[in-house]
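S.K.: When we follow the numbering used here, the leftmost residue of the sequence shown carries the number 10, and every step to the right adds one.
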Amino acid sequence: MKSFAALALALAGSATAHTIFQELWVSGVSQGHLKGIRVPDYDGPITDVTSNDIICNGGINPYHTPLPTDIIDITAGATVTTEWHHTLSGADSTDSDDPISPGHLGPVMVYMAKVDSALTSTVTGLKWFKIYEDGMDANSKWGVDRLVANEGKVDVKIPSCIPAGNYLLRAELIALHGASSKAGAQFYMECAQINIKGGGSTSPSPTVAFPGAYSATDPGVLINIYYPVVTNYTVPGPKVFTC
């Protein structure tokens with residue numbers, strides 16, 4: 010047991026090995042570094058699931074300014090790639106914590122919410138639906154393991170049946186190395202400004218609100234991932250919407 014505790018302490022001590030979603034690819038084509046994404050200057054986590062900062066960040070971690078005015082066009086059904094890195098400088102092969110410390114294990118998720126304008130400054134009260142999640146697999150490998158192995162990139166398919174129009178795309182990673190205590194889980198998220206073309210008329214469900222989608226005591230939020238050994242993990246939030 011002591012070895013597990015020592016490992017947890019060592020990994021939790023890697024306090025600055027954070028991450029930022031900072032580039033979006035559409036059908037294999039980069040839309041540009043920092044383009045169309047509301048990114049903070051600082052890569053720190055959100056730990057209060059009841060805070061409005063859990064929506065798109067930008068509160069205790071103020072946004073990089075000026076805020077983007079780009080809206081990224083995506084055809085419904087296309088595959089997008091979210092790209093994460095340790096700092097806003099982007100990929101750095103000399104940084105052992107890029108895209109994030111390998112010890113920051115946990116799930117990766119992507120949500121969307123329909124908005125009148127993707128440039129809106131109001132992000133409260135939106136109806137978010139989950140389009141992707143990658144938790145822990147049968148080999149005890151995490152979504153973060155796969156993100157790190159793929160140099161910060163995560164491929165996500167946009168549902169083909171959702172209505173055309175403007176959306177916010179919220180990419181999220183939860184680091185669970187310190188999650189054995191309340192408010193120990195670290196949430197990283199940013200929102201991209203997108204416009205869906207084509208599509209259909211299906212209203213995605215279920216939808217959730219942020220804050221409100223997670224509780225500090227959810228089994229996927231308050232968890233010791235070191236001891237006893239985790240054999241089953243429940244990704245927080247709603248089920249993934251599929252057409």
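Built from N, CA and C at the ideal position, the CB exists for glycine as well.
(1) In the DSSP assignment, the beta strand (DSSP E) including residue 182 goes from what residue to what residue?
(2) Is there contact here, the segment 155–164 with the segment 235–250, by at least three beta-carbon pairs under 8 Å?
(3) Using beta-carbon positions only, say whether residue 35 and residue 109 come within less than 7 Å of one another.
(4) Excluding the five sequence neighbours on either side, which residues of its own chain have a C-beta within less than 8 Å of the C-beta of residue 99, listed in chain order?
(5) Which class does residue 43 belong to by DSSP, given the choice of helix, strand or coil?
(6) Below 6 Å CB to CB, which residues in the same chain sit around residue 233 once its five sequence neighbours on both sides are set aside?
(7) Just list the beta strand (DSSP E) runs in the segment 94–126, keeping only unbroken ones of 3 residues or longer that don't cross its boundaries, in chain order.
(8) Residue range of the beta strand (DSSP E) that residue 143 falls in?
(9) Going by the DSSP bridge assignment, what does residue 30 pair with across the sheet?
(10) Exposed or buried, residue 135, counting other C-beta atoms within 10 Å across all chains shown (16 or more means buried)?
M.R.: On the basis of the data shown:
(1) 174–184
(2) In short, these stretches do not touch, since the Cβ pair count stays below three.
(3) Against a cut-off of 7 Å, the Cβ pair of residue 109 and residue 35 comes out as no contact.
(4) Beyond the five residues adjoining it in sequence on each side, residue 99 comes within less than 8 Å, by CB distance, of 31, 32, 42 in the same chain, given in chain order.
(5) coil
(6) Excluding sequence positions up to five before and after residue 233, its CB lies within less than 6 Å of the CB of 189, all in the same chain and listed in chain order.
(7) 117–123
(8) 137–143
(9) 93
(10) buried
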